[in-house]
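Here the structure is laid out as structure tokens; the discussion comes afterwards.
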Amino acid sequence: MKLNDLSSYWMPFTANRQFKADPRMIVGAQGMYFQADDGREILDGTAGLWCSNAGHGQPRIVEAIQQQAAKLDYAPPFQMGSPAQFELANRLIDLAPEGFGQVFYCNSGSEAVETALKTALAWQRARGEGTRTRLVGRERGYHGINFGGISVGGIVGNRAMFGALLAGVDHLRHTHDPQRNLFTQGVPEHGADLADDLERLVQLHGAQTIAACIVEPIACSTGVLVPPKGYLERLRAICDRHGILLIFDEVITGFGRLGTPFAAQRFGVAPDIITMAKGLTNGTVPMGGILVREGIYETICAAAAEGAVELPHGYTYSGHPLACAAALASLDVYREEGLFERAAGLEPLWQEAVHSLRGLAPIVDIRNLGLIAGIELEAGPHGPGTRAFEIYRRCWEEGVLIRVTGDIIALSPPLIIEEEQVAHIVDTLRRIIAEVD
Numbered sequence: 001m002k003l004n005d006l007s008s009y010w011m012p013f014t015a016n017r018q019f020k021a022d023p024r025m026i027v028g029a030q031g032m033y034f035q036a037d038d039g040r041e042i043l044d045g046t047a048g049l050w051c052s053n054a055g056h057g058q059p060r061i062v063e064a065i066q067q068q069a070a071k072l073d074y075a076p077p078f079q080m081g082s083p084a085q086f087e088l089a090n091r092l093i094d095l096a097p098e099g100f101g102q103v104f105y106c107n108s109g110s111e112a113v114e115t116a117l118k119t120a121l122a123w124q125r126a127r128g129e130g131t132r133t134r135l136v137g138r139e140r141g142y143h144g145i146n147f148g149g150i151s152v153g154g155i156v157g158n159r160a161m162f163g164a165l166l167a168g169v170d171h172l173r174h175t176h177d178p179q180r181n182l183f184t185q186g187v188p189e190h191g192a193d194l195a196d197d198l199e200r201l202v203q204l205h206g207a208q209t210i211a212a213c214i215v216e217p218i219a220c221s222t223g224v225l226v227p228p229k230g231y232l233e234r235l236r237a238i239c240d241r242h243g244i245l246l247i248f249d250e251v252i253t254g255f256g257r258l259g260t261p262f263a264a265q266r267f268g269v270a271p272d273i274i275t276m277a278k279g280l281t282n283g284t285v286p287m288g289g290i291l292v293r294e295g296i297y298e299t300i301c302a303a304a305a306e307g308a309v310e311l312p313h314g315y316t317y318s319g320h321p322l323a324c325a326a327a328l329a330s331l332d333v334y335r336e337e338g339l340f341e342r343a344a345g346l347e348p349l350w351q352e353a354v355h356s357l358r359g360l361a362p363i364v365d366i367r368n369l370g371l372i373a374g375i376e377l378e379a380g381p382h383g384p385g386t387r388a389f390e391i392y393r394r395c396w397e398e399g400v401l402i403r404v405t406g407d408i409i410a411l412s413p414p415l416i417i418e419e420e421q422v423a424h425i426v427d428t429l430r431r432i433i434a435e436v437d
């Protein structure tokens with residue numbers, strides 16, 4: 001066996017043939033930097049994959065994982081518990097918007113979405129509304145890669161290969177309005193009325209058929225679509241009027257990315273369920289979960305017979321001891337180093353820096369909120385996505401990691417980023433965007 005043979009590993013969300021012809025290999029990480037296999041340092045402009053909010057190799061988190069592995073490596077999560085699961089749940093409720101009561105654990109953002117959708121259906125049935133089985137997502141939404149997630153999701157490339165998906169799913173229009181909101185700094189002014197699509201679906205299907213509506217507060221994976229002023233408030237009001245649960249998918253926006261614990265607090269809109277993952281453990285150990293508003297757990301429990309399993313759902317690794325240890329240590333680091341507040345303080349600098357790229361010929365829009373930015377390009381002469389991917393490849397060669405989705409560059413650095421590192425990312429992009437056809 002050749003240890004450096006790349007053929008056996010089928011890589012996720014990767015053009016495998018292209019990668020294996022020209023690999024980009026990471027062998028280490030510390031602070032704001034990855035280390036490539038050729039010894040180069042790569043400045044991380046994406047927090048790994050939107051997840052390493054406190055940077056890489058954070059000593060307190062590493063130590064917590066090591067100590068937990070030596071003490072309790074695994075504990076079955078069904079019909080028994082371990083103390084860290086309950087401690088973490090209490091910490092997360094303290095961090096959540098007011099009115100949240102319980103946490104359910106899983107292992108990823110995709111599983112968090114499945115858990116949220118199933119919880120919504122179970123709650124509607126438990127309260128005597130069993131006809132409510134329809135789920136509403138949004139065009140261009142990303143909710144992971146399980147069948148429920150791609151069904152409510154609205155990214156065509158993630159859905160096209162897998163058949164009819166779940167029945168009884170409909171979609172709101174997306175919130176991107178380039179006619180009125182180009183180069184908006186922060187929250188766009190126009191488009192709150194797009195939330196009225198949910199009213200249209202209520203009229204089409206009947207409120208008595210709709211269980212839940214799921215949206216990302218910011219649609220990040222599709223290219224950073226920031227909701228217009230008043231949009232989320234309007235969506236909340238429509239859900240309240242018709243008995244529909246509102247789910248915020250905060251797998252990316254949770255844990256400080258917008259300068260607050262969750263986007264719900266940044267926008268001042270409380271959903272009924274929040275999904276979380278990624279920054280929950282700073283990306284160190286796979287973990288996800290949902291937060292539910294008070295009353296959801298109680299209603300589902302009350303509908304079950306005494307001694308019965310109230311919600312037949314869960315995973316072998318729900319609340320895994322190592323994941324709980326990593327999450328508790330991550331929450332400690334976020335609090336003690338003031339990283340959420342740091343993100344809020346850096347936002348004006350970040351905004352000014354990314355919008356300084358306006359005027360470069362291929363750039364058709366720039367969007368931002370918190371420590372997130374999307375830079376949209378014209379399609380290159382060789383087809384959609386080719387110019388952006390070439391910029392991605394060139395940035396890697398020059399020591400900066402960015403993320404591209406189609407013709408959009410997405411940036412989301414660790415919350416520990418320094419001013420000079422912001423400048424380095426933007427200056428590198430400025431030069432390479434100008435050079436690439």
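In full-length UniProt numbering, the protein residues as written are 1 to 437. No residue lacks a Cβ here, since even glycine has one placed at the ideal position from N, Cα and C.
Where residue 301 falls, given that 16 or more other Cβ within 10 Å makes a residue buried | exposed
Return the CA-CA distance between residue 315 and residue 325, expressed in angstroms with no decimal places.
-> 18 Å
Do the region 377-393 and the region 340-351 meet, that is, are 3 or more Cβ pairs less than 8 Å apart?
-> no
Could you check what DSSP says for residue 255 in three-state terms: helix, strand or coil?
-> coil
DSSP on residue 425, reduced to helix/strand/coil?
-> helix
With respect to the beta strand (DSSP E) encompassing residue 502, which residues constitute its N-terminal and C-terminal limits?
-> With the chain represented from 1 up to 437, any question about residue 502 goes unanswered, as that position is not in the structure.
DSSP three-state assignment for residue 51, whether helix, strand or coil = coil
Rank 411, 229, 200 and 395 by C-alpha distance to the C-alpha of residue 441 and give the top, closest one.
-> Lying before the first or after the last residue shown, residue 441 is absent from the chain, which here runs from 1 to 437.
Put residue 200 into one of helix, strand or coil per three-state DSSP.
-> helix
For residue 31, which residues does DSSP report across the bridge?
-> 56
Measure the C-alpha to C-alpha separation of residue 57 and residue 34 and round it to an integer number of angstroms.
-> 10 Å
Own chain, CB closer than 6 Å to residue 396, minus 5 neighbours either side, in chain order = 24
Count the CB pairs spanning the region 178-185 and the region 100-113 that are closer than 8 Å, and state whether there are at least three.
-> no
Excluding the five sequence neighbours on either side, which residues of its own chain have a C-beta within less than 8 Å of the C-beta of residue 328, listed in chain order?
-> 64, 84, 87, 88 and 91
Is it the case that the Cβ atoms of residue 126 and residue 214 are separated by a distance below 8 Å?
-> no
Residues bridged to residue 333 by DSSP?
-> DSSP, once it has assigned bridges, lists no residue as partnering residue 333.
Residues of its chain near residue 145, where Cβ-Cβ distance is below 6 Å and the 5 sequence neighbours each way are ignored | 110
C-alpha gap between residue 193 and residue 231, whole angstroms | 7 Å
So who's on the other strand from residue 171, going by DSSP bridges?
-> 137
Whole-angstrom distance between residue 42 and residue 124, CA atom to CA atom | 48 Å
Buried or exposed (CB count within 10 angstroms, at least 16 for buried), residue 4 = exposed
Beta-carbon spacing of residue 242, residue 277 below 8 Å | no
With respect to the alpha helix (DSSP H) encompassing residue 158, which residues constitute its N-terminal and C-terminal limits?
-> 156-159
Three-way DSSP call (helix, strand, coil) for residue 400 in this model | strand
Starting from residue 94, follow the alpha helix (DSSP H) in both directions and report where the run begins and ends.
-> 83-95
Option nearest residue 291 by Cα separation, candidates 268, 375, 247 and 311 | 247
Local Cβ density within 10 Å of residue 426, reported as buried at 16 or more and exposed below that = buried
Taking the DSSP output, what are the residues bridged to residue 380?
-> 383
Local conformation of residue 104 per DSSP, three classes | strand
For residue 10 and residue 412, believed in contact at Cβ under 8 Å, the rounded distance = In fact, because the Cβ distance is near 26 Å, the residues do not count as touching under 8 Å.
Looking only at DSSP bridge pairs, what is residue 131 linked to?
-> According to DSSP, residue 131 bridges with nothing at all.
How would you write the range of the alpha helix (DSSP H) that residue 184 sits in, first residue to last?
-> Careful: residue 184 lies outside any alpha helix (DSSP H) and carries neither H nor E.
Between residue 284 and the rest of its own chain, which residues show a CB-CB distance below 6 Å, the 5 nearest in sequence each way excluded?
-> 61 and 326
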